[in-house]
Every structure is written in structure tokens, then in C-alpha cells.
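Visitor: Numbering (full-length UniProt numbering), first residue to last: 1 to 141.
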Amino acid sequence: NPCGERQVPMVEEAYQAFKRVLANRKNDKRVEIDGYSDFLFLNRKNYPKVASDYNGMMKGLVKKYNKYNEDKLPHITPHSLRHTFCTNYANAGMNPKALQYIMGHANIAMTLNYYAHATFDSAMAEMKRLNKEKQQERLVA
Numbered sequence: 001n002p003c004g005e006r007q008v009p010m011v012e013e014a015y016q017a018f019k020r021v022l023a024n025r026k027n028d029k030r031v032e033i034d035g036y037s038d039f040l041f042l043n044r045k046n047y048p049k050v051a052s053d054y055n056g057m058m059k060g061l062v063k064k065y066n067k068y069n070e071d072k073l074p075h076i077t078p079h080s081l082r083h084t085f086c087t088n089y090a091n092a093g094m095n096p097k098a099l100q101y102i103m104g105h106a107n108i109a110m111t112l113n114y115y116a117h118a119t120f121d122s123a124m125a126e127m128k129r130l131n132k133e134k135q136q137e138r139l140v141a
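#1: Buried or exposed: where does Met57 fall if 16 or more other Cβ atoms within 10 Å of its Cβ makes it buried?
#2: What is the DSSP secondary structure of Pro78, reduced to helix, strand or coil?
#3: Counting C-beta neighbours from all protein chains within 10 Å, is the total for Leu40 16 or more, i.e. buried, or is it exposed?
#4: Between Leu99 and Tyr54, what straight-line distance do the alpha-carbon atoms span, to the nearest angstrom?
#5: Taking buried to mean at least 16 other C-beta atoms within 10 Å of its own C-beta, is Tyr68 buried or exposed?
#6: Could you tell me the distance, in whole angstroms, from the CA atom of Ser122 to the CA atom of Lys97?
#7: Can you pull the DSSP bridge partners for Pro48?
#8: What do you get for Ala17, buried or exposed, if any count of 16 or more other CB atoms within 10 angstroms of its CB means buried?
Below, the structure written as C-alpha cells:
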């Protein structure tokens, strides 16, 4: 919403994982930044992790994976995971307005034009679905 805070729905597995993160936290030092506290992911100094922390972590994970595996992973960023999440849910048929809400986009065009990428498989599945519906209509008529 306009003030920058929102509730994000999540599956139970994600909720339980976040609860484990909080339960396993060793240091109880509470940091407040711009009136906000109780951050979920903290660095070693108990400050909230920032984008560069996650980018570095992803880079290291991909590098380590590629070192030991023949099927190499491409460059992956947290933002590319966000795109993948949106694309997968759009292709699975999630209501576009619900997806817009989850993504936190003020405008549906952002969700549909920049995040919800159709794939060949999803386009083919839609064509088959519509063709099947059309054939069923002919049988009924």
C-alpha cells in the first residue's frame, strides 16, 4: 500500500520456515531502523540484510553448484526468482488481480507485462484447452 507496508499471503510451509528462523535466532538484540524492528533476516551484526547480501549469497550458491555439476546454472538473482514465481503462478492460472496483490504492484500492467511471462508450454496448453472447449461445444450443439 502507499505507506510501504502490506500483508503477503503465504503457504503454510513458508510460514513454518519463517517461524523456525525466528526460533533459531541466537542473539536477541533488537535493532530499530526508521521506526521498524523485528526484521526477519539479519546479518552477523544483527542489522537487516539488504539486496546486496542476497545477491552475493545467490552468486556464491550458483558458483558452488556449477563447480561440482555438469549441468550449469545460469546467472540467478533474487529478482529473477521473483520473476519466476510470478510467471509460474500466472501460468498456473492464478487470478491476475490476486497475483498483482501478492507482487505488490500498484498497476496490473506491471504484473502482466513485465513479470508474468508466458512460456511456449503455457501458450500451447491454453490453445489445447480452448480447442477442446470448442470441440465440446460442437458436440453439444
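Ideal placement from N, C-alpha and C gives every residue a C-beta, glycine not left out.
Guide: Concretely, from the data shown:
#1: exposed
#2: helix
#3: exposed
#4: 23 angstroms
#5: exposed
#6: 19 angstroms
#7: Leu42
#8: exposed
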